[in-house]
Amino acid sequence: MNTQNHQFAEHTAITASVVPDELRIGFWPQHFGSIPQWITLEPRIFAWMDRLCADYQGGIWRFSTLSNGGAFMAPESEHDKTWALFNSMNGNGAELTGEAAGIVACLIAYSHHACRTECDAMTEHYYRLRDFALHHPECSAIMHLID
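This is the structure we're talking about:
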């Protein structure tokens, strides 16, 4: 990569776009279909949210795509309620928006899935989402939870 393109890439913000309801059915196969056992990702993300958040009782999740080719899902909440997450594996906790809580659950699930499948495409998904998280307003809390 030449320096000019690299500098442009550093200054281009990664943006998230919510997937419309009518396109949700194709979200997983479109973005993760080449990854072994991709069908298990969604329930594993739900399980991580359940493990990290005592108040999580299931619900509607919003799917989002990233301008860098990444994708993630996040729980919706009433009245912009925050989610209290605690990671017992590292002792870190934080109050997060639904989007940030979803990023945490997805990053952990993506990391574990990449290790389990040894799939480069899954590792790429992890880093695309992590790159988005590094510029997120709740970056510090996200990184402490996944550390």
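Okay, so the sequence shown: first residue is 0 according to numbering that gives the first Met the number 0, each after it adds one. No residue lacks a Cβ here, since even glycine has one placed at the ideal position from N, Cα and C.
| Check | Outcome |
| --- | --- |
| Please determine, among A120, T96, H111, the residue with the shortest C-alpha to C-alpha distance to A132. | T96 |
| Could you say if the region 26–34 and the region 87–101 meet the contact criterion of at least three C-beta pairs nearer than 8 Å? | no |
| What's the C-alpha gap between H153 and A15? | As displayed, the chain neither begins before 0 nor continues past 146, which places residue 153 out of reach and without an answer. |
| Sorted by chain position, which residues of the same chain lie with C-beta nearer than 6 Å to C52's C-beta, five sequence neighbours on each side aside? | W82, L84 |
| I need the boundaries of the beta strand (DSSP E) containing E94, first residue and last residue. | 91–95 |
| Along the chain, where does the beta strand (DSSP E) containing R23 start, and where does it finish? | Unbroken run through R23: none, as it is neither H nor E. |
| In whole angstroms, give me the CA-to-CA distance for R129 and W60. | 19 Å |
| Determine which residues share a DSSP beta bridge with S63 and list them. | V17, F71 |
| Assign G58 to one of two classes, buried (16 or more other C-beta atoms within 10 Å of its C-beta) or exposed (fewer than that). | exposed |
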